[in-house]
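Asks: Below are the structure tokens for one structure; questions will follow.
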């Protein structure tokens, strides 16, 4: 497909600008020439060509609305259309963030109530909705932990992170000046308690734990883990990316977590948008409330307002208040589902994942054969050993069957990992047909491995040369 | 409304296949003492009709202004109809990050086009696929400069957006960097003497904004010279990206990083988010910059295609050695920006000119009123600082007429009493401006 | 299959090789086994000439599409030259790890550190143990 620059023709435009109703003048009279640019190399296309260009591009893209998207750890659940609609109400989209509180009571109430709902769902004392994504929330959480110890007059340098953790965990910790130490998993896929005991000192600020972990397994020893950390005065940080596995069943706050971050674009059904925007609210227990970012919402009587009067805050992690429009969608989702709906969603998510696990277990090596939660992790080891068919090949072959592949090569502790998270919004039929495809691929990997290794064949482009893209990066088109 | 398709029959069959009598058994790993009976503090479920009703009522509790005179980092611009139609396509908005390139060529190509346009607009060679917002984009550039050089002092102009400076303070505290703020001159531009005094060989980066928070256009070239002479790097920010349509970009004037807010390109005000962090840099930093990058390449048949490239910079590979932890970004907002830029094309300049005409008209009309003065002397884009007899009273008056007044500078700049930062975009009509002036009289 | 590990040099446990030039300089690279593990190399982050490193410190970084590997200097010393060809053709390491794919030339500060390294035979023994 041609680039927008390649269909450009001088003199065309897809957007007109109103004639000025105020006096016009020579720009150089107001702004000296040295401050002005003398080139503007942007596309010139007619509206019809613009629309065709992007519409055709969209047809080369795969979203949840097209088909099953079992990306482990991403919770690609269906994005309810009513949420999209209400988020477009002018009352929500049209306000400037600096509008006086009198103008924005609806928005303030929404955010305030959202914070309360999240506290109820997750058992935390207070929430901030400021971070723009999960990783941003992790960084915010790390900052609050750092401030907590600073306030106590103690500098603790270490964050413990399990070997199965998402890359954002160590990255976030390091960005706060912490040293990261890797914590081993045991043979059951949980925290190695002995190793934790040996690592836990008074130099450890916190353990960053994803529960259930990236293997989709609930930490059976969570009480012991929390106790080991707290006994030495440390804090327990929870990566809430997998919250879809426990809503209505348990709460991180009750399990002993002192701070958690969530991903609204995962658990709370807001669209992934091709990579964003997301939203990463952070919940804290009483001990960390004072350190929450500012501004925070105050409720006096039935009026809401912003306040910066929190002397121990870590400050700000972004401009304005958060990814508000994303929060609107998540709020609508929570209101729409209610407690029953959220609990049911969790139950069906876990049911779906276990169902897939049972059906595929004879064909692919299961990394840990115990009850999984909302996602299950297989390994492509068997297929590699048999005929050199790798997890990448299996993933690419799934594309030819009309699916978005599951997450591959993560977590790092499972070789040739295949992480499948169906979510609750998929029907039994969808799961059955998907499993048939996976079983078919397993058979093909045995009987006709090249058929798998050459996939995908049905897409507009076949496998792309990533080596070339990394050796000679071309990230900006240049006119030939 | 429930989005689970499961019929009771489905559930029965699936439970049998798994070998459990009820769903509850699947949660056996959760210790009994931690089991929740019911989620507290949440209202009951609602039908779709009720959801719409509740949300509409909430939206109605807001008051949309007749007119807004505030910019200060978020701008009311016209969004052409094409933008909403494209970003509303489910193939785009219900997709995830394009790690599987073969089925994501749509978003990958769209972002490649966006990167290209942004690099050109900022006068640099590379732009990434987006950061969270203007503040985090600027500050992550500063952090990168510190990490690359090992130096720990950051200089920031006081004329950079107050919230951006707060974010800088937070990130620098977290990393153990020190921050020095630089004064501005009576012209409104950065004080070069003060800059030269603060620059030493411990400075990793200098942060300036143009147009700055006062709306004033900075002269970047001499700043870049001074900064580079001392072996530091220059990060130039902006808050209204439409300014790039008419002003000489900081990249062309010597900035190493150009990072700012892209909300003005096709994204609604949305009460502060989601916005769009634009991050652009010189080519030599390509392998160090944060964020995702789309690169062009070929498939096995020699056809052009696009992939996420140089992923070894990112957290999922470098983990604790990554210079940023960013994962999810603002992709859909970047798509909106790309569509916006493709739609306007060279008319972006006409749009910028219109903004300038409106702002000058607003300024001229207000200066005719008793007690109104221009505070700064340097040229401005679409925002200007004016001093008036009583800014608080004025904004109250306007508020009562349903108008969002100017941004009061005193709370961030105590020395600027009764001074308002006023913004006029193409969305304000002559009649609107005349009405404002009438009300103030 | 890995190429033969040349006898004319020494090896580290981190899969680097060190070749003594006989004039108190050495050349350092990674073994063929290492380049195979890394798969297609896309970029090599070379040190500045004049950089001083201690034994086992990171002296260069080698990137493939999906991984990043630190190259630990088998001996301490000063970097006196780097293989500039790797800037445009990092794949030289894949093609000829023991020859054209050399990475840095150093002046070791302590010749005795060479004694801690492995012979080709010992290195091959180590690889056999690892593979088990």
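Residue numbers (the working numbering), protein chains in the order written: chain A, 1 to 480; chain B, 481 to 921; chain C, 922 to 1053. The beta carbon of each residue, even a glycine, is placed where N, CA and C say it ideally should be.
(1) Can you give, in chain order, each stretch of the beta strand (DSSP E) that sits fully within the region 210-288 of chain A and has at least 3 residues?
(2) Let me know if residue 457 of chain A comes out buried or exposed under the rule of 16 or more other beta-carbons within 10 Å of its beta-carbon.
(3) Find the residues of chain B that neighbour residue 987 of chain C, judging by a C-beta separation of less than 8 angstroms, and give them in chain order.
(4) Compare the Cα-Cα distances from residue 937 of chain C to each of C:968, C:1002, C:1038 and report the closest residue.
(5) When the Cα atoms are used, what is the spatial distance from residue 540 of chain B to residue 412 of chain A?
(6) Using 7 angstroms as the limit for Cβ to Cβ distance, is residue 1008 of chain C near chain B?
(7) I want to see whether chain A comes within less than 7 angstroms of residue 982 of chain C, judged by CB atoms only; does it?
(8) Have a look at the DSSP bridge pairing and note the partners of residue 435 of chain A.
(9) Closer than 7 angstroms, Cβ to Cβ, to anything on chain B: give me those residues from the region 964-975 of chain C, in chain order.
(10) Just how far apart, CA to CA, sit residue 251 of chain A and residue 509 of chain B?
(11) Please report how far the alpha carbon of residue 405 of chain A lies from the alpha carbon of residue 398 of chain A, in whole angstroms.
(12) Chain C beta carbons: is any one of them nearer than 7 angstroms to that of residue 474 of chain A?
(13) Run through chain A and tell me which residues come within less than 8 angstroms of residue 540 of chain B, C-beta to C-beta.
(14) I need the straight-line Cα distance from residue 39 of chain A to residue 736 of chain B, nearest angstrom please.
(15) CA-CA distance, residue 502 of chain B and residue 130 of chain A?
(16) Quick one: what does DSSP say residue 206 of chain A is sitting in, helix, strand or coil?
(17) Would you say residue 406 of chain A reaches chain B, if we count a Cβ-Cβ gap shorter than 7 angstroms as a contact?
(18) Let me see if you follow: with CB-CB separation under 7 angstroms, is residue 135 of chain A close to chain B or not?
(19) With DSSP run on the structure shown, which of helix, strand or coil describes residue 1052 of chain C?
(20) Smallest Cα separation from residue 431 of chain A: which of A:465, A:373, A:374, A:356?
(21) Find the residues of chain A that neighbour residue 961 of chain C, judging by a C-beta separation of less than 9 angstroms, and give them in chain order.
(22) In the structure shown, what three-state DSSP assignment does residue 162 of chain A receive?
(23) Kindly give me the distance between the Cβ atoms of residue 769 of chain B and residue 624 of chain B, rounded to whole angstroms, as I take these residues to be in contact under 8 angstroms.
(24) Which first and last residues belong to the alpha helix (DSSP H) in which residue 596 of chain B is found?
(25) Does residue 1018 of chain C pass the burial test, meaning 16 or more other C-beta atoms within 10 Å, or should it be called exposed?
(26) Is there a C-beta anywhere in chain B that falls below 7 angstroms from the one on residue 361 of chain A?
(27) To the nearest angstrom, how far is the alpha carbon of residue 922 of chain C from that of residue 940 of chain C?
(28) In its own chain, which residues sit with a C-beta less than 6 angstroms from the C-beta of residue 964 of chain C, not counting the 5 before and 5 after it?
(29) Along the alpha helix (DSSP H) that carries residue 346 of chain A, what are the first and last residues, could you check?
(30) For the putative contact between residue 711 of chain B and residue 681 of chain B, defined by C-beta atoms under 8 angstroms, what is the C-beta separation to the nearest angstrom?
(31) Would the region 285-298 of chain A and the region 146-156 of chain A be scored as touching if the rule is three or more Cβ pairs under 8 angstroms?
(32) Less than 7 angstroms between CB atoms is the rule here; does residue 484 of chain B satisfy it with respect to chain A?
(33) Could you check where the alpha helix (DSSP H) with residue 393 of chain A kicks off and where it finishes?
(34) With the cut-off set at 7 angstroms, would you say residue 785 of chain B and residue 64 of chain A are in Cβ contact?
(35) Apply the 10 Å Cβ neighbour rule to residue 793 of chain B and answer buried if 16 or more other Cβ atoms are within range, or exposed otherwise.
(36) What does residue 307 of chain A pair with, by DSSP beta-bridge criteria?
Replies: This is what the structure gives:
(1) 235-239, 259-261, 282-284
(2) Reading the first chain from its first residue, position 457 is the one you call residue 457 of chain A. Classification of residue 457 of chain A: exposed, given that the 10 Å Cβ count is below 16.
(3) Indexing the third chain from 1 puts residue 987 of chain C at position 66. Per Cβ cutoff of 8 angstroms: 791, 792, 797.
(4) One-based indexing of the third chain puts residue 937 of chain C at position 16. Ranking C:968, C:1002, C:1038 by Cα distance to residue 937 of chain C puts C:1038 first.
(5) For the purposes of this step, residue 540 of chain B is identified with residue 60 of the second chain, where counting begins at 1. For the purposes of this step, residue 412 of chain A is identified with residue 412 of the first chain, where counting begins at 1. Distance between the alpha carbons of residue 540 of chain B and residue 412 of chain A: 49 angstroms.
(6) What you label residue 1008 of chain C is simply residue 87 of the third chain in a count that begins at 1. Taking Cβ atoms only, chain B never reaches closer than 7 angstroms to residue 1008 of chain C, which makes this a no.
(7) As a first step, residue 982 of chain C must be located in the third chain, where it is residue number 61. Not an interface residue.
(8) Residue mapping note: residue 435 of chain A aligns to position 435 of the first chain, counting from 1. Answer is none; residue 435 of chain A lacks a bridge partner.
(9) 964
(10) On the first chain, residue 251 of chain A is found 251 positions in, with the first residue counted as 1. On the second chain, residue 509 of chain B is found 29 positions in, with the first residue counted as 1. If you take the alpha carbons of residue 251 of chain A and residue 509 of chain B, they lie about 14 angstroms apart.
(11) Numbered from its first residue, the first chain carries residue 405 of chain A at position 405. Numbered from its first residue, the first chain carries residue 398 of chain A at position 398. Taking the straight line from one Cα to the other gives about 6 angstroms.
(12) The count along the first chain starts at 1 and reaches residue 474 of chain A at position 474. So, not an interface residue.
(13) As a position in the second chain, residue 540 of chain B is number 60, starting the count at 1. 91, 106, listed in chain order.
(14) Here residue 39 of chain A corresponds to residue number 39 of the first chain, with the count starting at 1. Here residue 736 of chain B corresponds to residue number 256 of the second chain, with the count starting at 1. Their backbone Cα atoms lie some 20 angstroms apart in a straight line.
(15) Here the question's residue 502 of chain B lines up with position 22 in the second chain. Here the question's residue 130 of chain A lines up with position 130 in the first chain. Answer to the nearest angstrom: the Cα atoms are 39 angstroms apart.
(16) On the first chain, residue 206 of chain A is found 206 positions in, with the first residue counted as 1. Strand.
(17) Against the first chain, residue 406 of chain A aligns to sequence position 406. By this cut-off, residue 406 of chain A is not an interface position.
(18) Looking up residue 135 of chain A in the first chain gives position 135. Yes, contact with chain B.
(19) Here residue 1052 of chain C refers to the residue found at position 131 of the third chain. Reduced to three states, the DSSP call for residue 1052 of chain C is helix.
(20) The residue you call residue 431 of chain A lines up with position 431 of the first chain. For the residues A:465, A:373, A:374, A:356, the minimum Cα distance to residue 431 of chain A belongs to A:356.
(21) The residue given as residue 961 of chain C occupies position 40 in the third chain. Result: 466, 467, 470, 471.
(22) Start at 1 with the first residue of the first chain, and residue 162 of chain A comes out as number 162. Reduced to three states, the DSSP call for residue 162 of chain A is strand.
(23) As a first step, residue 769 of chain B must be located in the second chain, where it is residue number 289. As a first step, residue 624 of chain B must be located in the second chain, where it is residue number 144. Yes, they are in contact, since the Cβ atoms of residue 769 of chain B and residue 624 of chain B sit about 7 angstroms apart, within 8 angstroms.
(24) In the second chain, counting from the first residue as 1, residue 596 of chain B sits at position 116. It spans 585-602 - the alpha helix (DSSP H) in which residue 596 of chain B sits, taken as one unbroken run.
(25) The residue labelled residue 1018 of chain C in the question sits at position 97 within the third chain. With 16 or more other Cβ atoms within 10 Å, it is buried.
(26) Here residue 361 of chain A refers to the residue found at position 361 when the first chain is read from its first residue. It does not: the Cβ of residue 361 of chain A has no partner Cβ on chain B nearer than 7 angstroms.
(27) Numbered from 1 along the third chain, position 1 holds the residue referred to as residue 922 of chain C. Numbered from 1 along the third chain, position 19 holds the residue referred to as residue 940 of chain C. Confidence in residue 922 of chain C is poor, its pLDDT being 48 and thus under 50, which makes the residue's placement too unreliable to answer from.
(28) To locate residue 964 of chain C, count along the third chain from 1; it is residue 43. Within the same chain, residue 964 of chain C has close Cβ partners 984, 1011.
(29) Numbered from 1 along the first chain, position 346 holds the residue referred to as residue 346 of chain A. It spans 324-360 - the alpha helix (DSSP H) in which residue 346 of chain A sits, taken as one unbroken run.
(30) Here residue 711 of chain B is taken as the residue at index 231 of the second chain, counted from 1. Here residue 681 of chain B is taken as the residue at index 201 of the second chain, counted from 1. About 6 angstroms; that satisfies the 8 angstroms criterion.
(31) yes
(32) Mapped onto the second chain, residue 484 of chain B falls at position 4. Yes, contact with chain A.
(33) Within the first chain, residue 393 of chain A is the residue found at index 393, counting from 1. Taken as a continuous stretch (DSSP letters only), the alpha helix (DSSP H) holding residue 393 of chain A covers 391-400.
(34) Here residue 785 of chain B refers to the residue found at position 305 when the second chain is read from its first residue. Here residue 64 of chain A refers to the residue found at position 64 when the first chain is read from its first residue. No, Cβ-Cβ distance for residue 785 of chain B and residue 64 of chain A is not below 7 angstroms.
(35) Your numbering for residue 793 of chain B matches position 313 in the second chain. Residue 793 of chain B is buried by the Cβ-count criterion.
(36) The residue given as residue 307 of chain A occupies position 307 in the first chain. Note: residue 307 of chain A sits in a beta bridge opposite A:296.
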